[in-house]
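K.L.:
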Amino acid sequence: MSAVRRPQCVVIGAGPAGLGAALAAREAGLSDVMLLERDFELGGILPQCIHDGFGSIVFEQVLTGPQYAQRFIDRVERAGIEVKLNTMVLEMRGDRRITAVNPADGVFELEPSSIVLAMGCRERTRHQVMIPGYRPAGVICAGAAQRDINIEGLMPGRRAVILGSGDIGLIMARRLTLEGAEVEGVYEIMDHPGGLTRNVVQCLHDYDIPLHLSHTVTFIHGRKRVEAVTVARVGEDLKPLRDTERRVPCDTLVLSVGLIPENELSKQAGVQLDPLTGGPVVDETMHTSVEGIFACGNVVCVFDLVDWVTQTAETAGRGAAEYVLEAGRRKRGPAVRVTAGRNVKFVVPQLVRRPERGVDFFFRVEHPERAARTRVLVDGEELYSRKAKMVRPPEMIKAGADPGKAARGPENVTVEVVAEEEEA
Amino acid sequence: MPAYMKPGELPSRAGLVVVGGGVIGCSIAREATRFTSDVVVLEKEADVACGTSKANNAEVHSGIGEDAGTLKQKLNVRGNRMYDDFVRGLGVELKRQGLLIVVTQRAIPRDGGMSEDERMELLTRKIPEGIVAYGKNAGIEGLRTLSREEVFRMEPNVTREAVAGVFDPTYGLISPYKLTIALAEHAVINGARVFLNTTVTGFRVEDGAVRAVITDRGEIETSLVVNAAGVFADEVADMAGAGGFVIHPRKGATLLFDRQVTAEYVRSSVAEFRLPGQRTTQSKGGGAMPTAEGNLQLGPTAIEVEDKYDTSISAEEIEEIFERFHYLLPDFPRDALISAFSGVRAPTLEEDFVIGASEAVRGFVNVAGIQSPGLASAPAIAEMVLGILHDLGLPREPRPDFDPVRPAPPKFSELSNAERNRLIREDPRWGNVICRCETVTEMEVVNAIHSIIPATNMDAVKRRTRTGMGRCQGGFCHNRVAAILARELGIPVTAVTKDGEGSPVFLGAAKEFLGGGQA
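Quick mapping for you: the protein sequence lines, in order, are chains A and B.
The opening position of the first sequence corresponds to residue 1 in the working numbering, with each subsequent residue numbered one higher.
The opening position of the second sequence corresponds to residue 1001 in the working numbering, with each subsequent residue numbered one higher.
Written as structure tokens, this is what we have:
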């Protein structure tokens, strides 16, 4: 085995988060940045996202997934960042020792000065939402179906029922239709759609695909291949109402029932996770609880815009560079906990350590609300306030604030959404 | 693919035909090859271990849960003792992790009309001692009673309602499908031939003796047939006129959890002691136990079903299992569920094994009604059936050329880094990770496809390598495994199936559904 390499920064995962972080680390002054990717190409999930809508914030342009990815891939190449494809990290320890494998190098070890976690997320499966029935061929998660069609050129089914109205489910309803498959309908257990409004309009309404809110799939029929699913309306407790059950013939069930940040490696290294996001607890530089390990993108929490993934990636890359270049000259200061206030499900970052800089908070609301105001409070003092006609859980909100500008503290940072009339 | 597995190449005669490629059929076939190479196994599915054998709880029971005096208990106790020898050379690991029977407060409710002292005397002394005595009487070795503190020391996550326990150290775990595959391959190494996708449709019986097995691929002349057809054993026996028993299918559902979350949750198998009247089902009660590969499983249920193919799981069953084990393991992480499946047991009306030569048809041996503890009893069942076969004419002399070893291909995830690097230098495909949840490499998939019993579909590859068995359940790797299967088998990807005919993974190529006059 070759000698242990000691890069200044190793980025794990080369999707939008990893690409952005590696570039930012390089541009912030690190000469030895290494990017590890388990797939055979760069870009993560973006190459399969051939629909448009990417880049409106970062590039102020409407791009497809592959176009968005390519811009970063070109920059990564120009920047001379070392890329290892087909490379799977087998182990990561809290002292930042990494064991990885690929067909060319075999099993090799790295001891980088910093790490950026950018492993993204995976799809929730049928068992995690407890859909009973048989286990035939033809039950597939929406992202996997997207990869099959757009990259492999293979159709997972001819007549599909889609469960879940998250963005991938909506986009796949349109995609399957455009490929000549029939989408019987999209079923959503909540009483509101799970995806962005523009996707409901552009992917369902434009193609006359029915959306059944407050519905779920209660049984998968077919021993060898899906033959039908039973669907039912759900009550307020989200439990199926048995007398509303109806059998829908189909050969495929596409599931779009949520994404889970992929933190198996983070756990191995002892990185503290936030039960609300499923990802690492980070501060404003995206530094995790483990010294020298940063995280960004969907491994931290599932974003709905790639542009914001990129933004967290750039923060993490810069944070890692600063950490390495300061080489421990600066002790990590005490952290202020960010509180998720009224109608806020979670906030990233969860901690603020250096209040003298501006911080962008990303958060989701718990329930839809009209005429609301998002606010950032530091020790009671309002540092950010913005009106919104409508807030919805699928649409993540960003609130930029500068806690250092507060008159006192900060001892407490709160992000909240208040109804307009509650003010005054 | 070996020539004998190609369609249409059934042999015209065989010394012994075993109907059913489950753990019982393959155990008997492997044991028979110690005496003769002239053995044929017929399996209607696309792989061995596709029926009850793939969907049980992987337990090598000790016999403690069986009724005294049954054939089941006798063969279970003996089978458990034989297991280490039985699996030697197969390359399949048997773990003897033991069974902890927990006696809890609810075993005898407080309102039972006895004083608290009497009740606790029963719970902490008489019941545990009774279990140990019962086990000893059945010939089970090593049973010992445990105090409450010892129970918690052994399994810190069990309910605080535990008051005492019994430890049964001979209880083991083994992957039932890996064992079945290994037995089938070992039989083939020693000359047996295994025919998949081959359905028995009848028998030729003349002068009260079996002459031939008729299949959908032709006829095999033989004078010895073993009927190990699992839930279909009654129908197979009836085809020969050698029946007289009824299999009434009974479904059992099991929940399987992410091993990264649950690997340490219980160390041994854990079951709760319940008085017979307190059992809600005909199951022995099931338990919480790790699989041979470290995932925790809860179950099974026991529900009578009409359909022998009913391997579905209902919402009620999932809820029932969670409810049942919530008491025993109160803090159990429900959301670590990664899979839920059912198997169908094959009980007879007598609820005991039916093993014996048919009186009506000479040369026809029924091995039926094999439900739990069938896996544990497999070695003893095979031994008993071999005795019957010898009496019916199977050679008695052990073969000097019997090969005792079935070589098992390496598993990347279990190797040292030095071994991994040696393999990657030999073939870079050893360094190409295909299934990231379970760290399975391309070479392992290729090896499975070209193994002695070739894996020709996604589930067959999964059973041999664990691809798609992890927390993402194949989301990331299914198309890669499908592509490797297509490449290695020389078939289009659209011909790749999940588990044999009728289960295509993909229904066409992109754009294929367009056209046909559509706008």
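In this text, a Cβ means the ideal position worked out from N, Cα and C, and glycines have one as well.
Here the structure is a predicted model, which means the values were calculated and not measured.
So with Cβ pairs under 7 Å, would you call Pro66 of chain A a contact of chain B?
P.N.:
Output row for Pro66 of chain A: interface = no.
K.L.:
Between which two residues does the beta strand (DSSP E) carrying Phe1257 of chain B extend?
P.N.:
Start and end: Arg1250 to Phe1257.
K.L.:
Any beta carbon of chain A sitting closer than 7 Å to that of Tyr1265 of chain B?
P.N.:
Cβ-Cβ to chain A under 7 Å: no for Tyr1265 of chain B.
K.L.:
Run through chain B and tell me which residues come within less than 9 Å of Pro275 of chain A, C-beta to C-beta.
P.N.:
Those within 9 Å of Pro275 of chain A in chain B number zero; the least Cβ separation is about 11 Å.
K.L.:
Any residues in the stretch 107–128 of chain A with a beta carbon nearer than 7 Å to a beta carbon of chain B? Which ones, in chain order?
P.N.:
Going along the stretch 107–128 of chain A in chain order, one finds Val107, Arg122, Glu123, Thr125, His127 and Gln128 with a Cβ nearer than 7 Å to chain B.
K.L.:
Is the separation between the beta-carbon of Val413 of chain A and that of Ala372 of chain A shorter than 7 Å?
P.N.:
Against a cut-off of 7 Å, the Cβ pair of Ala372 of chain A and Val413 of chain A comes out as no contact.
K.L.:
Is there at least one Cβ from chain B nearer than 7 Å to Lys239 of chain A's Cβ?
P.N.:
False, the Cβ-Cβ gap to chain B never drops below 7 Å.
K.L.:
Skipping 5 residues on each side, what residues in its chain have a beta carbon closer than 8 Å to that of Arg1013 of chain B?
P.N.:
Same-chain partners within the cutoff: Ile1220, Glu1221 and Thr1222.
K.L.:
Against chain B, does Gly15 of chain A count as a neighbour if the rule is that its beta carbon must be under 7 Å from one of theirs?
P.N.:
No, Gly15 of chain A does not count as interfacial toward chain B.
K.L.:
Using a Cβ-Cβ distance cut-off of 7 Å, determine whether Ala499 of chain A contacts chain B.
P.N.:
Because chain A spans 1 through 424 in this model, residue 499 of chain A falls outside it and cannot be assessed.
K.L.:
If we ignore side chains and look at the alpha-carbon of each, how far apart do Ile1355 of chain B and Val1385 of chain B end up?
P.N.:
Distance between the alpha carbons of Ile1355 of chain B and Val1385 of chain B is about 7 Å.
K.L.:
When you compare each of B:Pro1398, B:Thr1262, B:Phe1476 and B:Asp1310 to Leu1298 of chain B by their alpha carbons, which one comes out closest?
P.N.:
Cα-wise, what sits closest to Leu1298 of chain B is B:Thr1262.
K.L.:
Please determine, among A:Gly180, A:Cys203 and A:Arg135, the residue with the shortest C-alpha to C-alpha distance to Gly157 of chain A.
P.N.:
Of A:Gly180, A:Cys203 and A:Arg135, the residue nearest in Cα terms is A:Gly180.
K.L.:
Can you list the residues of chain E that Asp1335 of chain B reaches, using a CB-CB cut of under 8 Å?
P.N.:
Of the protein chains in this structure, namely A and B, none is chain E.
K.L.:
Would you check if the stretch 1023–1031 of chain B and the stretch 1184–1194 of chain B touch, i.e. whether three or more CB-CB distances between them fall below 8 Å?
P.N.:
The stretch 1184–1194 of chain B vs the stretch 1023–1031 of chain B: in contact.
K.L.:
What three-state label does DSSP hand His192 of chain A in the structure shown?
P.N.:
Note: His192 of chain A maps to coil in three-state DSSP.
K.L.:
Decide if the stretch 31–45 of chain A is in contact with the stretch 75–87 of chain A; the criterion is three or more beta carbon pairs, one per stretch, under 8 Å apart.
P.N.:
Judged by Cβ distances under 8 Å, the stretch 31–45 of chain A makes contact with the stretch 75–87 of chain A, as three or more pairs qualify.
K.L.:
Can you list the residues of chain B that Glu41 of chain A reaches, using a CB-CB cut of under 8 Å?
P.N.:
In chain order: nothing, as chain B lies at least about 13 Å away.
K.L.:
If you follow the beta strand (DSSP E) that Val1040 of chain B is in, where does it begin and where does it stop?
P.N.:
Val1039 to Leu1042 is the span of the beta strand (DSSP E), which, as asked, contains Val1040 of chain B.
K.L.:
So which of B:Asp1067, B:Leu1122 and B:Gly1243 has the shortest CA-CA distance to Ala1357 of chain B?
P.N.:
With distances taken between Cα atoms, Ala1357 of chain B lies closest to B:Gly1243.
K.L.:
Can we say the stretch 1173–1184 of chain B touches the stretch 1112–1125 of chain B, given the rule of at least three CB pairs closer than 8 Å?
P.N.:
Because the criterion of three Cβ pairs below 8 Å is not met, the stretch 1173–1184 of chain B and the stretch 1112–1125 of chain B do not touch.
K.L.:
Is the CB of Glu91 of chain A under 7 Å away from at least one CB in chain B?
P.N.:
False, the Cβ-Cβ gap to chain B never drops below 7 Å.
K.L.:
If you compare alpha carbons, which of A:Asp191, A:Leu176 and A:Gly194 is closest to Ile209 of chain A?
P.N.:
The shortest Cα separation from Ile209 of chain A among A:Asp191, A:Leu176 and A:Gly194 belongs to A:Leu176.
K.L.:
Can you confirm whether Leu1514 of chain B, when its beta carbon is compared against all beta carbons of chain A, has any partner nearer than 7 Å?
P.N.:
Yes, Leu1514 of chain B counts as interfacial toward chain A.
K.L.:
At the 7 Å Cβ level, is Val1361 of chain B part of the contact set with chain A, yes or no?
P.N.:
By this cut-off, Val1361 of chain B is not an interface position.
K.L.:
Given that Arg1420 of chain B touches chain A, what residues does it touch there, using C-beta distances under 8 Å?
P.N.:
Those within 8 Å of Arg1420 of chain B in chain A are Val101, Gly106 and Val107.
K.L.:
Which residue wins for smallest C-alpha separation from Asp1085 of chain B, given the options B:Arg1110, B:Pro1404, B:Ala1509 and B:Gln1105?
P.N.:
If we check each option's Cα against that of Asp1085 of chain B, B:Pro1404 comes out closest.
K.L.:
Is any beta-carbon of chain A found at less than 7 Å from that of Gly1517 of chain B?
P.N.:
A caution first: Gly1517 of chain B carries a pLDDT of 43, below 50, which makes its placement in the model too unreliable to give a value.
K.L.:
Listing by chain order, which chain A residues have their CB less than 8 Å from the CB of Ser1115 of chain B?
P.N.:
Those do not exist, as Ser1115 of chain B stays about 44 Å from chain A at its closest Cβ, beyond 8 Å.
K.L.:
From the DSSP output, which residues share a beta bridge with Cys141 of chain A?
P.N.:
According to DSSP, Cys141 of chain A bridges with A:Leu255.
K.L.:
Given that Ile1313 of chain B touches chain A, what residues does it touch there, using C-beta distances under 9 Å?
P.N.:
Ordered by position in chain A, the residues that pass the 9 Å Cβ test against Ile1313 of chain B are Pro132, Gly133, Tyr134 and Arg135.
K.L.:
What does the alpha-carbon distance come out to for the pair Leu90 of chain A and Phe1152 of chain B?
P.N.:
Spanning the two alpha carbons is a distance of roughly 34 Å.
K.L.:
Rounded to a whole number of angstroms, what is the C-alpha to C-alpha distance between Phe1353 of chain B and Asp39 of chain A?
P.N.:
Cα to Cα, the separation comes out at about 51 Å.
K.L.:
Beta carbon of Val348 of chain A, beta carbon of Val300 of chain A: below 7 Å?
P.N.:
It is a contact, given that the beta carbons lie within the stated cut-off.
K.L.:
Examine the Cβ distances between the stretch 166–173 of chain A and the stretch 127–147 of chain A and report whether three or more of them are shorter than 8 Å.
P.N.:
Yes, the stretch 166–173 of chain A is in contact with the stretch 127–147 of chain A.
K.L.:
Would DSSP call Thr99 of chain A helix, strand or coil?
P.N.:
Three-state DSSP puts Thr99 of chain A in a strand.
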